[in-house]
Amino acid sequence: MAVKEMYAIAPQWSTPRPCDAQAPIEIEFRNVGKAFPAKGQADAPFAIRGVNFQIRRGEVVSIIGPSGCGKSTILNMGSGLYRPSEGEVLVAGERVDGPVPKVAFMLQKDLLMPWRSIRRNVELGLEIQGMAAAQRRVIADNLLARCHLQGFAEHYPFQLSGGMRQRAALARTLAIDPQVLFLDEPFSALDAQTKMILQQDLARMLFEEKKTALFITHDLVEAIALSDRLLVMSARPGTIIEEIEVDLPHRDNPLERRKLPEIGPLAGRLMDLLHVGADHELH
Ligand code: ADP
Ligand code: MG
82 MAVKEMYAIA PQWSTPRPCD AQAPIEIEFR NVGKAFPAKG QADAPFAIRG
132 VNFQIRRGEV VSIIGPSGCG KSTILNMGSG LYRPSEGEVL VAGERVDGPV
182 PKVAFMLQKD LLMPWRSIRR NVELGLEIQG MAAAQRRVIA DNLLARCHLQ
232 GFAEHYPFQL SGGMRQRAAL ARTLAIDPQV LFLDEPFSAL DAQTKMILQQ
282 DLARMLFEEK KTALFITHDL VEAIALSDRL LVMSARPGTI IEEIEVDLPH
332 RDNPLERRKL PEIGPLAGRL MDLLHVGADH ELH
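If you read the sequence shown in our numbering, its first letter stands for residue 82, the second for the next number, and so on.
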């Protein structure tokens with residue numbers, strides 16, 4: 082069903098999706114496999130295999146799957162850090178075979194440089210691009226305000242809490258105005274409440290700026306709260322076993338989405354697909 086038709090039958094949705102069915106494909110994996118052979122090893126087992134998916138411009142998609150199934154490997158290939166052993170990866174219509182401009186990567190570790198102030202950390206990507214200092218400063222201060230870090234521009238990373246550091250990392254990620262964001266469990270080291278607040282900021286910015294994002298998390302409710310669509314992976318060799326549309330309102334407001342009654346059953350379906358609880362001894 083076309084997204085427009087869905088609006089027609091779901092007038093209670095407060096906000097439409099920024100992505101429609103006609104949006105161009107921004108990220109595409111075509112039959113991608115990856116093996117990590119040791120030196121001199123001829124045929125290493127595949128870590129992932131037969132991975133196929135497409136993400137449209139403006140869509141936010143989450144990958145969930147058991148630990149070690151190859152989620153980070155997928156992001157590393159999308160951002161050009163790893164090359165596929167078979168198949169191909171396209172970002173913004175071009176085959177990826179090296180770092181891609183307009184792509185930003187955010188990890189669980191904030192990777193802020195301890196010797197640079199928060200503002201200068203946020204400016205880093207712009208500095209590398211050769212932007213003039215005055216212009217960098219305007220962009221950095223604007224983002225720091227949007228990430229609720231006004232007043233901390235002159236501070237150093239060690240002076241900030243974990244949540245604030247991750248906010249600064251988010252500001253730095255957005256500073257280069259990326260078209261595509263790859264986010265690898267960016268909030269998993271944060272406490273539950275800080276995490277929800279950062280999710281809120283991220284969701285709003287992705288929505289307002291119509292960014293395309295591929296998000297990895299092991300938190301099933303986080304995936305539902307933030308995404309238009311979920312890709313569920315099998316254990317190694319990882320492949321996509323299910324694609325689920327998250328037909329819920331509030332993609333720009335995960336705190337509201339979390340309160341919806343549909344969340345529990347959807348999380349339950351994901352637990353079943355991932356066999357959470359099955360074949361595991363409880364301690
Ligand atoms: P996930 O993020 O889903 O937990 P990863 O993508 O990190 O999983 O890893 C998938 C598999 O690929 C694991 O078995 C891991 O050991 C292997 N792997 C990932 N990166 C490398 C690498 N650089 N060298 C060797 N093996 C790797
Ligand atoms: Mg990982």
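C-beta atoms are modelled at their ideal positions from N, C-alpha and C, and glycine is treated no differently. Small disclaimer: the values here were computed from a predicted structure and weren't measured.
Contact belief for residue i with residue j at Cβ below 8 Å, rounded distance in angstroms
i      : j      : result
LEU271 : GLY243 : 6 Å
ILE305 : LEU279 : The Cβ separation is near 16 Å, so there is no contact.
LEU307 : LEU351 : With a Cβ gap of about 14 Å, LEU307 and LEU351 do not count as contacting.
PRO105 : ARG138 : 5 Å
Identity of the residue in the options nearest residue i by Cα
i      : options                           : result
GLY149 : LEU351, THR320, ASN334 and PHE268 : THR320
ASN334 : GLN281, GLU175 and PRO165         : GLN281
ARG339 : GLU323, GLU109 and GLU303         : GLU303
GLY179 : ASN202, ASN157 and LYS190         : ASN157
Beta bridge counterpart(s) of residue i as assigned by DSSP
i      : result
MET314 : ILE321
PRO143 : It is worth fixing the name first, because residue 143 is Ser in this sequence and not Pro. According to DSSP, SER143 bridges with PHE296 and LEU311.
ASP265 : LEU188 and ILE297
PHE73  : Missing from the structure shown is residue 73; the chain here goes from 82 to 364 and no further.
ARG176 : LEU171
ALA116 : PHE127
GLU290 : None; GLU290 has no bridge partner.
GLU326 : ARG310
Residue i beta carbon near the ligand ADP (any heavy atom closer than 7 Å)
i      : result
PHE268 : no
SER153 : yes
GLY149 : yes
ARG317 : yes
ALA128 : yes
Residue i CB to nearest heavy atom of the ligand MG below 7 Å
i      : result
ASP222 : no
ASP265 : yes
Do the region 215-230 and the region 242-260 meet, that is, are 3 or more Cβ pairs less than 8 Å apart? Short answer: they touch.
Would you call the region 210-227 in contact with the region 151-166, where contact means no fewer than 3 C-beta pairs closer than 8 Å? The region 210-227, when compared against the region 151-166, does not touch it at the 8 Å Cβ threshold.
Stretch pair the region 259-275 + the region 283-295: three plus CB contacts closer than 8 Å: By the C-beta criterion, the region 259-275 is judged to be in contact with the region 283-295, since at least 3 inter-stretch pairs fall below 8 Å.
Segment contact, 8 Å Cβ cut-off, at least three pairs: the region 215-223 with the region 183-194: No, the region 215-223 is not in contact with the region 183-194.
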